[in-house]
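Converting from the sequence shown to this note's numbering requires adding 48 to each position, the first position being numbered 1.
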Amino acid sequence: MASPGFYHVKIKEGDIDVQLTATERVGYHKYTFPEGAHKKVSLVLNQFNKQSVHSEYTVVDDHTVKVKQTIRSFGTGPQDTYFYVVFDHPFKDKAEFYKLHPWNDDQGSLVLDFGATADAVNDNVINAKVGISYASEEGAEANFEADGQRSFDDALTYVKGEWNKKLNEIKVEGGSKDELVTFYTALYHTNVAPHIFQDADGEYRTMRRGDFAEVKHGDLHSPVFSVYSLWDTFRALHPLKTIIEPKHAVDLAKDLIRKYQEGGILPKWELHGDYTGVMVAYPAVAVIADAITKFPNSFSDAEKQAALEAAIRSSVYKPYSSLDANDSGWNSGTYNKVHNPHIKFVDGSQLADGSPTQVVCDPMQSAQESECGYVPAVGKAQGQTESVSFGLEMANFDHAIVNLAKAVNNKDVEQTYQKRSQYWHKYWNASNPDNPDENWKEKYNMSGFMRPVWSDGSWSTSSDGVFHPYKTVHQTGDYTEGTAWQWTWFVPQDVEGLRQIWEEMQSF
49 MASPGFYHVK IKEGDIDVQL TATERVGYHK YTFPEGAHKK VSLVLNQFNK
99 QSVHSEYTVV DDHTVKVKQT IRSFGTGPQD TYFYVVFDHP FKDKAEFYKL
149 HPWNDDQGSL VLDFGATADA VNDNVINAKV GISYASEEGA EANFEADGQR
199 SFDDALTYVK GEWNKKLNEI KVEGGSKDEL VTFYTALYHT NVAPHIFQDA
249 DGEYRTMRRG DFAEVKHGDL HSPVFSVYSL WDTFRALHPL KTIIEPKHAV
299 DLAKDLIRKY QEGGILPKWE LHGDYTGVMV AYPAVAVIAD AITKFPNSFS
349 DAEKQAALEA AIRSSVYKPY SSLDANDSGW NSGTYNKVHN PHIKFVDGSQ
399 LADGSPTQVV CDPMQSAQES ECGYVPAVGK AQGQTESVSF GLEMANFDHA
449 IVNLAKAVNN KDVEQTYQKR SQYWHKYWNA SNPDNPDENW KEKYNMSGFM
499 RPVWSDGSWS TSSDGVFHPY KTVHQTGDYT EGTAWQWTWF VPQDVEGLRQ
549 IWEEMQSF
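Spelled out as structure tokens, the structure:
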């Protein structure tokens with residue numbers, strides 16, 4: 049059984065009842081064993097949905113264990129996480145570590161034996177509280193001291209109260225029970241992440257800069273967060289925050305600016321202070337610009353300037369070979385995912401065929417007329433995967449940079465990025481009644497599609513010489529997690545422009 053802030057399961061082996069809840073920095077566990085059962089609890093220190101690089105533990109006393117685990121996860125470098133685990137019953141003096149593999153001392157389970165009886169009432173119930181820190185073992189203990197003093201039931205009552213506040217930020221009238229469940233489940237999901245990434249005393253691990261990260265003190269009034277799945281969330285989750293939680297939306301935008309200042313570039317998919325480089329273009333720009341545009345008085349002039357600086361750094365290509373000493377820890381693979389070479393085709397530095405740009409690019413000219421301003425598709429020279437999605441996304445994010453430039457009254461940047469925001473036209477392939485292969489009106493009742501373009505300006509086709517708008521290949525195709533049918537509509541920065549090129553404008 050699960051509900052916001054609570055998980056309840058019965059382990060068949062041993063007939064053990066498990067209940068879990070968690071505050072911001074402490075996990076609460078409640079294990080109920082059968083009457084008279086021999087009670088053991090395992091702290092599992094091996095791989096679970098991530099790669100465990102190293103682990104170490106210290107038995108502090110017969111109630112307490114400290115753990116440090118170093119992991120790699122979802123494209124990150126090694127990351128340290130610290131746990132301070134306190135039980136309400138004593139375990140035997142000798143905790144036993146069982147290796148997962150004989151050759152690996154780091155992976156396995158630390159088994160704590162509580163025996164068949166205990167020293168207090170509720171002998172069959174074992175409670176554990178786990179202070180968690182991404183900064184230090186002292187931080188994990190301090191988080192326990194600050195936030196781990198409740199009983200399990202009191203913690204659960206507190207957590208449910210906090211979730212009720214979150215879920216009552218929107219009140220829906222009407223609708224069926226199923227529709228309400230769907231809506232509030234979705235609203236619940238919008239509050240799962242980003243989560244707090246800072247100890248109760250303000251300490252946190254900074255954004256990794258290459259191989260370098262440090263622990264520093266931060267202002268709890270400007271909190272640090274983690275798990276920014278930005279390409280998945282910039283469209284809906286973050287705009288929703290500006291409506292129902294404006295202060296939180298501002299805090300998230302300021303945190304992203306801070307991550308740029310620490311790491312040297314805006315993250316695309318940040319995970320526990322690390323760059324994963326996953327997904328398309330530079331979506332953090334949209335989140336920051338939305339908050340600054342809607343709440344300009346919540347940002348200082350310096351913060352607005354830093355936001356524009358961060359946006360420009362993300363949207364103007366800087367090759368790995370040109371990095372200075374401050375960025376020396378980067379490896380080329382990670383860097384080129386975070387700061388993708390696709391950018392160089394739209395920032396004015398080179399044409400689709402790889403040659404230097406000699407003239408000003410006109411966004412209204414087709415790729416056939418002017419081989420600039422678009423990301424070339426795989427199949428000929430300079431080809432890039434997911435080219436259409438990158439191009440359309442960057443045009444949208446460049447419009448966000450227009451708004452950042454307006455916020456600091458930078459006319460030159462505003463004009464440059466206004467033009468770049470129109471490069472979406474390069475991918476528009478209108479229905480052509482004179483060409484049976486491109487008569488989209490006849491084939492699909494469509495006025496056109498956003499279509500991949502090769503570096504020579506010709507339209508990309510499949511191996512059979514035909515463009516199939518309903519086909520794609522995950523990660524190596526022309527579109528990101530979609531097809532031309534979905535991506536053709538992605539011009540949120542210029543809906544009127546898209547409407548005007550559509551033959552039957554009443555469709556809009």
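The beta-carbon is built from N, C-alpha and C at its ideal position, and this holds for glycine as well.
Handout entry: As assigned by DSSP and simplified to three states, the class of E104
Key = Residue state, collapsed to three classes: strand.
Handout entry: DSSP-derived helix/strand/coil call for H137
Key = Here H137 sits in coil by DSSP.
Handout entry: Contact between the segment 533-548 and the segment 455-468 (3+ Cβ pairs under 8 Å)
Key = The answer is no - the segment 455-468 does not touch the segment 533-548, with fewer than three Cβ pairs under 8 Å.
Handout entry: Cβ-Cβ separation, K177 to V92 (assumed contact under 8 Å), whole Å
Key = With a Cβ gap of about 17 Å, V92 and K177 do not count as contacting.
Problem - C-beta contact flag for I218 and A359 at 8 Å - result: A distance of 8 Å or more separates the beta carbons of I218 and A359.
Problem - Contacts around D65, its chain only, beta-carbon distance under 6 Å, and the 5 residues preceding and following it disregarded - result: Same-chain partners within the cutoff: K58, T80.
Handout entry: Helix, strand or coil at D161 [DSSP, three-state]
Key = In the three-state scheme derived from DSSP, where H, G and I count as helix and E and B as strand, D161 is classed as strand.
Exercise for the section: Could you tell me the boundaries of the alpha helix (DSSP H) in which Q309 lies? Expected result: Where Q309 is concerned, the enclosing alpha helix (DSSP H) starts and stops at 294-311.
Exercise for the section: Leaving out five residues on either side along the sequence, give the residues of the same chain with a beta carbon under 8 Å from the beta carbon of L371. Expected result: Excluding positions up to five away in sequence, the list reads W378, Y383.
Problem - Top-ranked residue by Cα proximity to V514, from E486, V240, D195, L300 - result: Checked all of E486, V240, D195, L300; the closest Cα to V514 is E486.
Handout entry: CA nearest to the CA of H86, picked from L160, F135, A334, D109
Key = Nearest option by C-alpha distance: L160.
Handout entry: S370, enclosing beta strand (DSSP E) - first and last residue
Key = Premise fails: S370 is in no beta strand (DSSP E) and is neither H nor E.
Handout entry: Distance between E83 and F54 (C-alpha atoms, nearest Å)
Key = If you take the alpha carbons of F54 and E83, they lie about 24 Å apart.
Exercise for the section: Enumerate in chain order the residues of its own chain whose CB-to-CB distance from H296 is below 8 Å, with the five nearest sequence positions on each side excluded. Expected result: So the list reads K289, once near-sequence residues are dropped.
Handout entry: Sequence-distant residues of its chain with Cβ nearer than 7 Å to W535 (five each side left out)
Key = Apart from the 5 residues on each side of it in sequence, W535 sits with its Cβ closer than 7 Å to the Cβ of V436, S437, L440, M498, Y527 in its chain, given in chain order.
Practice task
Taking P287 as the reference, give the member of T124, A334, H265 with the closest Cα.
Solution key: For P287, the closest alpha carbon among the candidates T124, A334, H265 is that of A334.
Problem - Helix, strand or coil at S346 according to DSSP, with G and I counted as helix - result: Secondary structure at S346: helix, using DSSP grouped into helix, strand and coil.
Handout entry: Range of the contiguous alpha helix (DSSP H) that encloses W472
Key = For W472, there is no enclosing alpha helix (DSSP H), since its DSSP letter is neither H nor E.
Practice task
Compare the Cα-Cα distances from Q541 to each of N444, T524, V521 and report the closest residue.
Solution key: Restricting attention to N444, T524, V521, the CA atom closest to the CA of Q541 is found in N444.
Exercise for the section: Decide yes or no for the touch test of the segment 380-394 against the segment 314-323: beta carbon pairs closer than 8 Å, at least 3 of them. Expected result: Segments in contact, yes.
Handout entry: alpha helix (DSSP H) segment containing Q523, residue limits
Key = That residue, Q523, is in no alpha helix (DSSP H); it is neither H nor E in DSSP.
Problem - Same chain, Cβ closer than 6 Å to F282, neighbours up to 5 away in sequence not counted - result: When the five nearest sequence neighbours on each side are left out, the beta carbons in the same chain lying within less than 6 Å of the beta carbon of F282 are those of P331, A334, V335, in order along the chain.
Exercise for the section: Determine the direct distance from the alpha carbon of I291 to that of G187, and round the result to whole angstroms. Expected result: Spanning the two alpha carbons is a distance of roughly 34 Å.
Exercise for the section: Would you list the one or two residues that DSSP bridges to K392? Expected result: Residue pairing from DSSP leaves K392 without any beta-bridge partner.
Exercise for the section: State buried or exposed for H522, treating a residue as buried only when at least 16 other CB atoms are found within 10 Å of its CB. Expected result: Taking every protein chain shown into account, the CB of H522 has fewer than 16 other CB atoms within 10 angstroms, so this residue is exposed.
Problem - Anticipated Cβ contact below 8 Å, Q398 with G505, distance rounded - result: In fact, because the Cβ distance is near 15 Å, the residues do not count as touching under 8 Å.
Exercise for the section: Just grab the DSSP bridge partners of A478 for me. Expected result: In the DSSP output, where bridge partners are listed per residue, A478 has G496.
Exercise for the section: Jot down the residue ranges of each uninterrupted alpha helix (DSSP H) in the segment 180-260, minimum 4 residues, whole runs only, in chain order. Expected result: The alpha helix (DSSP H) runs of length 4 or more contained entirely in the segment 180-260 are, from start to end of the chain, 185-195, 200-215, 225-237.
Practice task
May I have the straight-line CA-CA distance separating I549 from V461, to the nearest angstrom?
Solution key: Near 27 Å, if we compare the C-alpha coordinates of V461 and I549.
Exercise for the section: If I'm right that G123 touches V326 with Cβ under 8 Å, what's the distance once you round it to whole angstroms? Expected result: With a Cβ gap of about 6 Å, G123 and V326 count as contacting.
Problem - P294 to P344 span [Cα, whole Å] - result: Here the alpha carbons of P344 and P294 stand approximately 12 Å from one another.
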